[in-house]
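*Asks:*
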Amino acid sequence: MATHSKIIVIAGPTASGKTSLGIALARKYGGEIISADSRQVYRGMDIGTGKVTRREQRGIPHHLLDVASPKRTFTAAQYRKQGQRAIASILKHGKVPFVVGGTGFYIDALLGDTPLPDIKPDAVLRKKWERRSAPELFAMLQKKDPRRAAEIDRHNKRRLIRALEIIETTGSPVAPRTARTSAYATLFIGLRPDPATLHKKIHDRLMVRLRHGMIAEVRRLHEKKGISWKRLDDLGLEYRFVSRYLRGLMDRNAMTAELERAINRYAKRQMTWFKRNPDMHWITDPAAADRLVKRFLMDLD
RNA sequence: GCGCAGGUGGCGGAGUGGUCAAUCGCAUCAGACUGUAAAUCUGACGCCUUCGGGCUACGCAGGUUCGAAUCCUGCCCUGCGCA
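Quick note on this note's numbering: the first sequence kicks off at -10 and runs consecutively.
Written as structure tokens, this is what we have:
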């Protein structure tokens, strides 16, 4: 059996301690970090996303941070492309890639079996279909691609529009899902703190962010960088709720309370995604990761 | 003390004689995820269930009625106004 290049993934819900664990392991085992975070790719979104500072990086190179303007949507396909490039470059230098982050979709796009059809988003089509109702869109899809229609979430306009977009652009049905075999040997480590601990960490971290200028950051994005309220809302969590507060849609207490709840819900959605991965090695204590990594890098294969 | 308004599920809030275990929103729980993924979307949500249904419920206690969250009486409680 050929020796596959090794990659280590550190996943887990927000505030579970992925970042510092990743850096510690990268330092110990000669690694570099590839961030798998759909919001940390944007420049100027630092406090709200909990982006590592230069200093916290402790000399470990970080990839896929600050690679896009928040004005435009950064997509999973772009992530995959740039991520693959980063992996290749890290391996070339004889280092170990550590994919660290909480965006399960990005991790799968990069390493898993989620195929991303090579069809770019079409703003015109999307805008046109946006006006239609989900049942209408579903009926259209059923007609053009019964196979895809049978498995899709018929209420989710975003998915329906994407499926129709693929069909419209290629003139043929959406390719069925096929298992992709990764070219790498991958160790999946999942951080799963007990719920009470996680909730507390989420709460404490939110208080720190508020103290460290998170509100000013969002205001700056809107006033200085020209990021629309709508866009900030779409970016979710801190950007969504702080912008609503800045718009006067809610007072500060409501903003804080609702944001905290939203973050907790988000953490659960992340877990729902990661739980599906049968290869995930779940740990509660970050210290347990070391043994897994050591064995993975030393042993077999 | 008098007058007025009101007491409904974890919360907010509909319902004013039957089709109400009770619209809806929030919270909570579970889940989905083919280029927006911190986004988007779905289901469950009184208790029990062999999933057919059964049981207990709309402040408390009585009453009217074939039938009440809905009508009547008394009581308790809350808010506002007058004393």
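Just so it is clear, CB atoms sit at the ideal spot from N, CA and C, and this is done for glycine as well. Nothing here was measured: the structure is a model prediction, and the numbers come from that model.
Name the DSSP beta bridge partners of Glu21, please?
*Replies:* Taking the first residue of the first sequence as 1, we reach residue 21 at position 32. Answer by DSSP bridge pairing, in chain order: Pro86.
*Asks:* Looking at the strands, I want to know which residues DSSP matches up with Ala174.
*Replies:* Taking the first residue of the first sequence as 1, we reach residue 174 at position 185. Lys(-5).
*Asks:* As a quick exercise: from His82, Asp35, Leu105 and Tyr173, pick the residue whose alpha carbon is nearest that of Thr64.
*Replies:* Within the first sequence, numbered from 1, the residue matching residue 64 stands at position 75. That would be Leu105, whose Cα lies nearest to the Cα of Thr64.
*Asks:* Three or more C-beta pairs under 8 Å: does that hold for the region 42 to 61 against the region 7 to 26?
*Replies:* Yes, since at least three Cβ pairs between the region 42 to 61 and the region 7 to 26 fall closer than 8 Å, the two stretches touch.
*Asks:* Which residues share a DSSP beta bridge with Ile272?
*Replies:* As a working mapping, residue 272 is identified with position 283 in the first sequence. Paired residues: Leu180.
*Asks:* Glu21: buried (16+ other C-beta within 10 angstroms of its C-beta) or exposed?
*Replies:* Sequence index remark: in the first sequence, residue 21 carries index 32 (1-based). Burial call: buried.
*Asks:* Going by other Cβ atoms of all chains shown within 10 Å of its Cβ, with 16 needed for buried, is Met203 buried or exposed?
*Replies:* Translated into the one-based positions of the first sequence, residue 203 becomes position 214. With 16 or more other Cβ atoms within 10 Å, it is buried.
*Asks:* Hey, Ala75 and Leu54 are a contact pair by Cβ (cut 8 Å); roughly how many whole angstroms apart?
*Replies:* Against the first sequence, residue 75 aligns to sequence position 86. Against the first sequence, residue 54 aligns to sequence position 65. With a Cβ gap of about 11 Å, Ala75 and Leu54 do not count as contacting.
*Asks:* Could you name the residues of the same chain whose beta carbon sits closer than 7 Å to that of Asp268, not counting the 5 residues immediately before and after it, in chain order?
*Replies:* As a first step, residue 268 must be located in the first sequence, where it is residue number 279. Result list for Asp268: Phe177, in chain order.
*Asks:* Strictly by DSSP, which residues pair up with Tyr31?
*Replies:* The residue given as residue 31 occupies position 42 in the first sequence. DSSP, once it has assigned bridges, lists Ala57 as partnering Tyr31.
*Asks:* Rounding to the nearest angstrom, what Cα-Cα distance links Asn266 and Thr92 in this structure?
*Replies:* As a first step, residue 266 must be located in the first sequence, where it is residue number 277. As a first step, residue 92 must be located in the first sequence, where it is residue number 103. Each residue's alpha carbon lies about 13 Å from the other.
*Asks:* Answer yes or no: do Leu130 and Leu114 have a C-beta to C-beta separation smaller than 7 Å?
*Replies:* The count along the first sequence starts at 1 and reaches residue 130 at position 141. The count along the first sequence starts at 1 and reaches residue 114 at position 125. No, Cβ-Cβ distance for Leu130 and Leu114 is not below 7 Å.
*Asks:* Buried or exposed: where does Arg61 fall if 16 or more other Cβ atoms within 10 Å of its Cβ makes it buried?
*Replies:* Residue mapping note: residue 61 aligns to position 72 of the first sequence, counting from 1. By the neighbour-count rule (16 or more Cβ atoms within 10 Å), Arg61 is not buried but exposed.
*Asks:* Three-state secondary structure (DSSP) at Met(-10)?
*Replies:* The residue you call residue -10 lines up with position 1 of the first sequence. Low confidence applies to Met(-10): its pLDDT is 44, below 50, so where it sits in the model is not reliable enough to give any reading.
*Asks:* Kindly indicate the opening and closing residues of the alpha helix (DSSP H) around Met203.
*Replies:* Here residue 203 corresponds to residue number 214 of the first sequence, with the count starting at 1. Met203 -> alpha helix (DSSP H) spans Met203 to Glu212.
*Asks:* How big is the Cα-Cα spacing for Leu107 and Ala57?
*Replies:* As a working note, residue 107 is residue 118 in the first sequence. As a working note, residue 57 is residue 68 in the first sequence. Reading the sequence as shown, one finds Asp at residue 107 and not Leu. Each residue's alpha carbon lies about 20 Å from the other.
*Asks:* Looking at Ile150 and Val163, is the spacing between their C-beta atoms short of 7 Å?
*Replies:* Along the first sequence, read from residue 1 onward, the residue named residue 163 stands at position 174. Along the first sequence, read from residue 1 onward, the residue named residue 150 stands at position 161. Their beta carbons are not under 7 Å apart, which means Val163 does not touch Ile150 by this criterion.
*Asks:* So Leu248 and Pro2 are in contact, right, with Cβ under 8 Å, and what is the actual spacing, rounded?
*Replies:* Locating residue 248 in the first sequence gives position 259, counting from the first residue. Locating residue 2 in the first sequence gives position 13, counting from the first residue. That pair is no contact at about 16 Å.
*Asks:* Consult DSSP for His144 and reduce its assignment to one of helix, strand or coil.
*Replies:* As a first step, residue 144 is located in the first sequence; it is residue number 155 there, counting from the start. In this structure, His144 counts as coil in the three-state DSSP scheme.
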